[in-house]
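Notes for the one structure printed next.
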Amino acid sequence: MVGGGLDYSAAFQRGIELIGKRWTGAVVKALIPAPARFNQLLAGIPGISDRVLTERLRELETEGIVERLVDPGPPVRVSYRLTSRGRALEPVLSAVSDWAESWLTTQTAAVG
């Protein structure tokens, strides 16, 4: 049923669009255990291209979810870590993962 006082606020919609964007969840999930360098993320997220990883990291940095850390070296090293805002997504991603494991079959997940 649509309507009836349901809250489809702009913030809710923006949040769903952000975490639902392809590869965003995988990037955030990969950073939950510890900060990582670009190539570590690229190797740890099967199927993501370097172009898309770059885009997602920039978007997440703009949203204040990921922080880019530069170690001047030498050599210069860049790594990424979750901010407190990004860490707050951990239970959200965990809940989505649990729901998918319970309710989506492998075939359904591949189709949708």
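Numbered as in our numbering, the sequence shown ends at 1386 without a single skipped number. Glycine included, every Cβ here is placed at the ideal spot set by N, Cα and C.
query                                                                                                     : result
Exposure of ARG1351, with buried meaning 16 or more beta-carbon neighbours within 10 Å                    : exposed
DSSP beta-bridge partners of LEU1343                                                                      : SER1353
Spatial distance of ARG1330 from GLY1347 (CA atoms)                                                       : 25 Å
For ARG1296, three-class secondary structure by DSSP                                                      : coil
GLY1386 (DSSP reduced to helix, strand or coil)                                                           : Unreliable positioning characterises GLY1386 in this predicted model, as indicated by a pLDDT of 49, which lies under 50. The coordinate reading is nonetheless provided below. GLY1386 falls in the coil class under three-state DSSP.
Beta-carbon gap between LEU1292 and LEU1356 smaller than 8 Å                                              : no
Inter-stretch contact (C-beta, 8 Å, three-pair minimum) for the region 1365–1377 and the region 1318–1332 : no
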